[in-house]
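Visitor: If you read the sequences in order, they're chains A and B.
No gaps in the numbering here: position 160 of the first sequence is 160 in the numbering used here, and each next residue is one more.
No gaps in the numbering here: position 81 of the second sequence is 1081 in the numbering used here, and each next residue is one more.
Think of the CB as a built atom: it goes at the ideal place given N, C-alpha and C, for glycine as much as any other residue.
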Amino acid sequence: MQSIAAAKRSPDAFLLDQLRAYGPVIGMLAVLLIFAVLKPSFLSAANIGNVLHQSVILIIMSFGLAVVMAMRGVDLSIAQIADGAGLLAAVLMLHREPLWIVILVPIAFGLIAGLINGLLTAYAGIPAIISTLGMMFVIRSGELLMTNGAEPQILFTLPRGLTRDFLFIGQGSIGPVSALVMLGLVVFVLMMIVTNLTTFARRARAVGGNSRAAYLAGVNVRAVFAGGFVLAGLLSSIAGVALVARTSIAVPRGAEPYLLDAFAAVYLGTLLSRRAEITIWGTLLGGLFITFLGNGLTLLGLGAPYRYALNGGFILLAMAIGALKRNQ
Amino acid sequence: MVSPETLSAPAVRPAVECRSIRKSFPGVVALDDVSLSIAQGEIHALLGQNGAGKSTLVKILTGVYQADAGQIFIDGKEVRLRDVREAEAKGIAIVHQDQQLIAQFDVVSNALLGIEIVRLGGLLDRKTMRLRVQEALDRVQAEFSPNALVRDLSVAQRAQVAIAAALLRNPTALILDEPTASLSDKEAEHLFEIIRSLRAQGVTIIYISHYLDEVLGLVDRISVLRDGRLVATTPAAGVSRGDIVKMIVGREVSQLYPKEKVPIGSPLLEVRGLAQGSALRGVDLTVRRGEILGIAGLVGAGRSELALTLMGALKRDAGTVSIDGRPSNPADPRIANEQGFALIPEDRRQEGLIADLPVRENLTLSNIARWAKFGLLNPRLEAGAARELVDRLAIQPPSIKTLARNLSGGNQQKVVVGRWLTGDSRVFLFDEPTTGVDVGSKIEIYRQMVELARSGAAVIFISSDFEEISAMCDRTVVMRRGRINKVIDDQAQATPEALLYWASGSAAPETAEVATAQSARSPMQTALDTMFSRWSTIAGMLLTVAVIAVLAPQFVGLGNIFDVLKQGSVLAFIALGLTVVLIAGGFDMSAGAASQFAANVAAGTLIGGFGSAAAIGLGGSLGLLIGVINAGLILFLRIPAFVATLGMMFVIMGATLLYNGGQALTLSDAPGFFFLGQGYVGPVPFVFILLVAFTFVLHVILKETRLGLRMYAVGQNAAAAALRGVGLKQYAFASCALGGLVLGLAGVFLASYSYGASALATGIDFLISALAATFLGSTISRAGELNVIGTVVAAIFLASLSNGLILIGVSSQALPGIQGIVLVLSISLGLMRKRSIGQILIF
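(1) For residue 277 (chain A), write down the residues that DSSP places opposite it in a beta bridge.
(2) Are the CB atoms of residue 1168 (chain B) and residue 1207 (chain B) nearer to each other than 8 Å?
(3) Return the chain-ordered list of same chain residues with a C-beta closer than 6 Å to the C-beta of residue 1804 (chain B), the five sequence neighbours on each side being excluded.
(4) To which residues does DSSP link residue 1844 (chain B) through a beta bridge?
(5) Please name the residues in the segment 1625-1645 of chain B whose beta-carbon is closer than 9 Å to at least one beta-carbon of chain A, in chain order.
(6) I need the boundaries of the alpha helix (DSSP H) containing residue 1025 (chain B), first residue and last residue.
(7) Starting from the C-beta of residue 1511 (chain B), find all residues in its chain whose C-beta is less than 6 Å away, skip the five residues before and the five after it, and write them out in chain order.
(8) Taking a contact to mean a Cβ-Cβ separation below 8 Å, would you say residue 1577 (chain B) touches residue 1798 (chain B) in this structure?
(9) Is the beta carbon of residue 1453 (chain B) sitting closer than 8 Å to the one on residue 1292 (chain B)?
(10) With a threshold of 8 Å between beta-carbons, can residue 200 (chain A) be considered close to chain B, or not?
(11) Given residue 1845 (chain B), which residues of its chain have a CB within under 8 Å of its CB, disregarding the five upstream and five downstream residues?
(12) Rounding to the nearest angstrom, what Cα-Cα distance links residue 1560 (chain B) and residue 1615 (chain B) in this structure?
(13) Can you tell me whether DSSP reads residue 1169 (chain B) as helix, strand or coil?
(14) Since I believe residue 1112 (chain B) is in contact with residue 1092 (chain B) (beta carbons under 8 Å), could you give me their beta-carbon distance rounded to a whole number of angstroms?
(15) Using 10 angstroms around the beta-carbon of residue 1663 (chain B), count the other beta-carbons present and answer buried if the total reaches 16, otherwise exposed.
(16) Is residue 225 (chain A) close to the ligand ADP? I mean its beta-carbon at under 7 Å from any heavy atom of the ligand.
(17) Counting contacts by CB-CB distance shorter than 8 Å, is residue 61 (chain A) in contact with chain B?
(18) I want to see whether chain B comes within less than 8 Å of residue 118 (chain A), judged by CB atoms only; does it?
(19) Can you tell me whether residue 1824 (chain B) is buried or exposed, with buried defined as 16 or more other CB within 10 angstroms of its CB?
(20) Could you tell me the distance, in whole angstroms, from the CA atom of residue 96 (chain A) to the CA atom of residue 144 (chain A)?
(21) Looking at chain A, is there any beta carbon in it that lies within less than 8 Å of the beta carbon of residue 1447 (chain B)?
(22) Alpha carbon to alpha carbon, how far is residue 1341 (chain B) from residue 247 (chain A)?
(23) Output yes or no for whether 8 Å exceeds the beta carbon distance between residue 77 (chain A) and residue 30 (chain A).
(24) Check each residue of the segment 249-262 of chain A: if its Cβ is closer than 7 Å to any Cβ of chain B, include it; give the result in chain order.
(25) At what residues does the beta strand (DSSP E) containing residue 1407 (chain B) begin and finish?
(26) Who are the near neighbours of residue 1005 (chain B) in its chain, counting only those whose CB is closer than 7 Å to its CB and skipping five residues on each side?
(27) Could you check what DSSP says for residue 1692 (chain B) in three-state terms: helix, strand or coil?
(28) Is it buried or exposed, residue 1348 (chain B), if we count other Cβ atoms within 10 angstroms and call 16 or more buried?
(29) Could you list the residues in the segment 1757-1771 of chain B with a C-beta less than 9 Å from some C-beta on chain A, going in chain order?
(30) Give a yes or no on whether the C-beta atoms belonging to residue 1673 (chain B) and residue 1612 (chain B) are separated by under 8 Å.
(31) Go ahead and pull the three-state DSSP assignment for residue 1584 (chain B).
(32) For a contact meaning CB atoms closer than 9 Å, what does residue 152 (chain A) contact in chain B?
(33) Would you mind listing the alpha helix (DSSP H) stretches within the segment 112-162 of chain A that are 4+ residues and don't spill past its ends, in chain order?
(34) Given a cut-off of 8 Å, decide if residue 1457 (chain B) and residue 1419 (chain B) are closer than it, judged by their beta-carbon atoms.
(35) Residue 268 (chain A) and residue 314 (chain A) look like a contact to me (Cβ under 8 Å); what is the Cβ gap, rounded to whole Å?
(36) I need the straight-line Cα distance from residue 1159 (chain B) to residue 1080 (chain B), nearest angstrom please.
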């Protein structure tokens, strides 16, 4: 029946449909093109490689947020979890702990923080926006106390031999591809599997679509919802460790700006799906666009204010377009 | 025996008259040439089966629908009723079966919402309002206080509030739509007394009910609709329940039913004495393998509650259930499913389908683990299973990719049924599976039931379409008011007439009501609870402060107290603004950023040499503007409040940094301006005096004016407010704009307090403190609602806490975390007391 209706549509309507489907992508490319025209170095291989390298941390964090938001939750603590995890890694490194501890302890921290978020939200029934905001501030306090009031934890004071393996995550490369980009690719592939080919994926989609119906159909709605927060905590901690490995320095609250970027990435990502859904694919492209945008602005000498304003503007634009798509 | 022709209307002038009303929807004629006259001062019953046209007629009378043809007269004058408000203004009031009231409001505010009594300046005239409501409550023999919160009233008392609210609108005719559906027999009997006394007072009542025995004892005349036509209007006196049943049912069996006899085996499901709240009061059932058991019942009979209780979605109060000899008491539907239960819920769209997912995912959801190893799906097997089901159920179009929302009603229902066919379910609960389904799909669903029975499953078929129950079942039980009213073992006796007869009235004269399951709580208990919930937060705060005072005596020094008040005041201002926005505007992520921006602009204005007045004016206007933009994004572009204000937060932070160029705007030598945030009047900080004044003004606006009352109403229950003609947009807008203004001014005071504005855009830091104060403050009020006084008390408490902890020697670095914990705890406190926390669910 739908195909008949589609065939009957006028060419104009067809064009409009195409524009609706591809307009946002075209729009994003156009924005990037403007940068390329204004600053040719924007499109140089070195710059593109650099941006890809940078974007991985945002993208990994955004994946977690995307999973939670697809279930109609929200996680305001992702950036702070990343921050805390990175700081933990740096402190452990400075205490000359072995590499596996430096990596696994922060990740365990992320899992626990995510689990607490999940328990508070799914089991205690506290709105996600409140519980994760609370978590954000608790972690922040923990960081300040641990670092004696935000003292930077600097890794290059250590002997190179000690930090080499750890810093490889963020600064090394495998052949022509940076290790960080490899990590991003691996996480992307795993997340594509987790969000498409698992029982969790199906249940999570059902919870996001209609939680009452999912409950009556025998889905353990609470466990699935909590699972989203655990996954977000895990991904954030991985991103946080990678961030410190990239920059060799951990400053408390250094990862906070990623929260805003992650929201922008997820919402922009919805533009790339036909029915304004949150997807891993879309989030990947959204994260790339946000990083390119930031890079382009920096090249033009425009700083944080423009980034903030544009990120916010894009979120509003994405939602307005999404509303139009759903209405028609 | 009454002849089924319309009797001439009595000599009294009709209060409401319909002439030749006609209304059709695509594919159906809902009302066909219906003429009806309701006499002044009578109770007139409107009867008919589901789909007979009753609700369409009521919706036309209340302005929800417009008739295609025909005339309506009220008090002899022809009227056109274009919407609900107009119908109300012309004299038709309705009390819905689920009384839409605002739970957190008291009775007075609920009853007069939309027709508040105000004095000059929009101030509520509480005294007159209370008197008027008390009068109306007296008319409905209410024994509770008009000051009681609706939340604390029983269902029956809420019905009284709803009727009182309708009476306050001085209706020509009052429509009561299934008013007894959720009442116990005793409560219903009391309601009848009230209705009779209203008749004695001269009120005209149109009474809609399925319960024929109530109707016969209560009403003066009866009109019966069937298939969109008026069958008869007849005096109630001298008519028997059997006569009415014939008028209501009296249609030919319109379709063929694919009933087949399959061998019936041993008992599979045994239910004994199952009780659930006031909906189920001791139900016994036995269902055998291969049997289709019909459960016939009308609205409020407890049919769906029975199904939900068996599934574990409602918690049972008493009784035992066993499936195949093993006891069953599932905690949730997942466990029920493992035990062999499968539910096809009543509301297909809301409870059955996940409309935005394709057929495939809907079909395989319940047993998804079946096609997975270690959580990893085998998509080929799973798709194959889905495809097989689509074929087996003849779902149209025959594709597993179609979105469930794009299927017809019948095919949607097949998907919900199909979900359970892949598992080991042995007891199938079909709750009204054929409502809104075309004939072809109905037959398909009936076939599926027979198929299930043939495979040895037990099928429970719940329906209020007595024809299909009569035709499809092997045995039938009739439910009424949470009990089995009649068991019909010989299905030949289960004619639609017999089912309606038993469903609409009691088997025997009602025996004295055994104490109902709803245990009445003693007034003492309730009073204690109220006291606890009201004062526990304050007690906790005082205790905390006392502990701090003991540990750090300098805390209670007068100088320190005034310091704390000064420190807390600026934060309290931001929290005040946020509170006002949250009352009706949804959520506001941008509150802190807005204040921060206003602080920058105020500082910049002073640096530019434009003086304090300009700084205050610009800061306030900026906040107002941000509030208006937020409101526009939320209300007109319909972006969820959380996202819209999140986007705005970014934009504002960007704008702030552009404005200050990443530099702190430091003020010096502006003594007049500094007085706002730093001055003292005697020993008292001026900013605190300002705070008290602002709080007072906001409190009056929110609590003592029509505007404020309506802002709370739309924030707490937009649907109920809309029924009273109070629209969301206007008042949500007011909430955002007023809150924005306060946030802007808060920014100005911030600039004065901190000698200018900092360079960092730290909007989110202010946000958490403000949220913590707002939600902690809400636990202080009686109804657990957001309120400005509570917010200010909580903000000052938070400032004392920070100050005290530092005095004790706790690091200031721990403060954000403590605020985060206070925020989470204050919400948990509200949740523990089962208070709703407004609209902070974000999507």
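Guide: Put simply:
(1) Taking the first residue of the first sequence as 1, we reach residue 277 (chain A) at position 277. In the DSSP output, where bridge partners are listed per residue, residue 277 (chain A) has none listed.
(2) Numbered from its first residue, the second sequence carries residue 1168 (chain B) at position 168. Numbered from its first residue, the second sequence carries residue 1207 (chain B) at position 207. Contact: no.
(3) For the purposes of this step, residue 1804 (chain B) is identified with residue 804 of the second sequence, where counting begins at 1. Excluding sequence neighbours, residue 1804 (chain B) sits near 1548 and 1555.
(4) Past the edges of chain B, shown from 1001 to 1843, lies residue 1844 (chain B), and the structure says nothing about it.
(5) 1633, 1637, 1638, 1639, 1640, 1642, 1643 and 1644
(6) Residue numbering aside, residue 1025 (chain B) sits at position 25 when the second sequence is read from its first letter. Looking at the DSSP string, residue 1025 (chain B) is not in any alpha helix (DSSP H); the run it does join, the beta strand (DSSP E), is 1014-1025.
(7) Along the second sequence, one-based indexing puts residue 1511 (chain B) at 511. Bear in mind that a pLDDT of 43 at residue 1511 (chain B), under 50, signals an unreliable position, so the model cannot answer this.
(8) Working through the second sequence from its first residue, we reach residue 1577 (chain B) at position 577. Working through the second sequence from its first residue, we reach residue 1798 (chain B) at position 798. Result no, Cβ atoms of residue 1577 (chain B) and residue 1798 (chain B) do not sit closer than 8 Å.
(9) Mapped onto the second sequence, residue 1453 (chain B) falls at position 453. Mapped onto the second sequence, residue 1292 (chain B) falls at position 292. In contact: residue 1453 (chain B) and residue 1292 (chain B) (Cβ atoms closer than 8 Å).
(10) Position 200 of the first sequence, counted from the start, is the residue given in the question as residue 200 (chain A). Chain B contact via Cβ: present.
(11) This structure does not reach residue 1845 (chain B), given that chain B is present from 1001 up to 1843, and the question cannot be answered.
(12) As a position in the second sequence, residue 1560 (chain B) is number 560, starting the count at 1. As a position in the second sequence, residue 1615 (chain B) is number 615, starting the count at 1. Looking at the two C-alpha atoms, the distance is approximately 30 Å.
(13) Here residue 1169 (chain B) refers to the residue found at position 169 when the second sequence is read from its first residue. Reduced to three states, the DSSP call for residue 1169 (chain B) is coil.
(14) Counting from 1 along the second sequence, the entry for residue 1092 (chain B) is found at position 92. Counting from 1 along the second sequence, the entry for residue 1112 (chain B) is found at position 112. Not really, about 19 Å apart at Cβ, beyond 8 Å.
(15) Here residue 1663 (chain B) is taken as the residue at index 663 of the second sequence, counted from 1. Exposed.
(16) Questions concerning the ligand ADP fall outside what the structure shown contains, since it holds no ligand whatsoever.
(17) As a first step, residue 61 (chain A) must be located in the first sequence, where it is residue number 61. No - not a single Cβ of chain B is within 8 Å of the one on residue 61 (chain A).
(18) The residue you call residue 118 (chain A) lines up with position 118 of the first sequence. Taking Cβ atoms only, chain B never reaches closer than 8 Å to residue 118 (chain A), which makes this a no.
(19) For the purposes of this step, residue 1824 (chain B) is identified with residue 824 of the second sequence, where counting begins at 1. Residue 1824 (chain B) is buried by the Cβ-count criterion.
(20) For this step, residue 96 (chain A) is matched to residue 96 along the first sequence. For this step, residue 144 (chain A) is matched to residue 144 along the first sequence. In a straight line, the C-alpha of residue 96 (chain A) is about 21 Å away from that of residue 144 (chain A).
(21) As a working mapping, residue 1447 (chain B) is identified with position 447 in the second sequence. Output row for residue 1447 (chain B): interface = no.
(22) Counting from one through the second sequence, the residue named residue 1341 (chain B) turns up at place 341. Counting from one through the first sequence, the residue named residue 247 (chain A) turns up at place 247. Straight-line Cα distance between these residues: approximately 56 Å.
(23) Position 77 of the first sequence, counting from 1, holds the residue named residue 77 (chain A). Position 30 of the first sequence, counting from 1, holds the residue named residue 30 (chain A). It is not a contact, given that the beta carbons lie outside the stated cut-off.
(24) 260
(25) Taking the second sequence and counting its residues from 1, the one referred to as residue 1407 (chain B) is at position 407. Unbroken run through residue 1407 (chain B): none, as it is neither H nor E.
(26) Numbered from 1 along the second sequence, position 5 holds the residue referred to as residue 1005 (chain B). For residue 1005 (chain B), the predicted structure reports a pLDDT of 40, less than 50, and the residue's modelled location is therefore unreliable. The matter cannot be settled from this model.
(27) Here residue 1692 (chain B) refers to the residue found at position 692 when the second sequence is read from its first residue. In the structure shown, residue 1692 (chain B) sits in a helix (DSSP, three-state: H, G or I).
(28) Mapped onto the second sequence, residue 1348 (chain B) falls at position 348. By the neighbour-count rule (16 or more Cβ atoms within 10 Å), residue 1348 (chain B) is buried.
(29) 1761, 1764, 1765, 1767, 1768 and 1771
(30) In the second sequence, counting from the first residue as 1, residue 1673 (chain B) sits at position 673. In the second sequence, counting from the first residue as 1, residue 1612 (chain B) sits at position 612. Cβ distance < 8 Å, so residue 1673 (chain B) and residue 1612 (chain B) count as in contact.
(31) To locate residue 1584 (chain B), count along the second sequence from 1; it is residue 584. In the structure shown, residue 1584 (chain B) sits in a helix (DSSP, three-state: H, G or I).
(32) If you number the first sequence from 1, residue 152 (chain A) lands on position 152. Within 9 Å Cβ-Cβ: nothing; residue 152 (chain A) doesn't reach chain B, min ~15 Å.
(33) 128-146
(34) The sequence position of residue 1419 (chain B) within the second sequence is 419, counting from 1. The sequence position of residue 1457 (chain B) within the second sequence is 457, counting from 1. No, Cβ-Cβ distance for residue 1419 (chain B) and residue 1457 (chain B) is not below 8 Å.
(35) The residue labelled residue 268 (chain A) in the question sits at position 268 within the first sequence. The residue labelled residue 314 (chain A) in the question sits at position 314 within the first sequence. Indeed they touch by this definition, with Cβ atoms about 6 Å apart.
(36) Against the second sequence, residue 1159 (chain B) aligns to sequence position 159. Against the second sequence, residue 1080 (chain B) aligns to sequence position 80. Using only the alpha carbons, I get a separation of about 29 Å.
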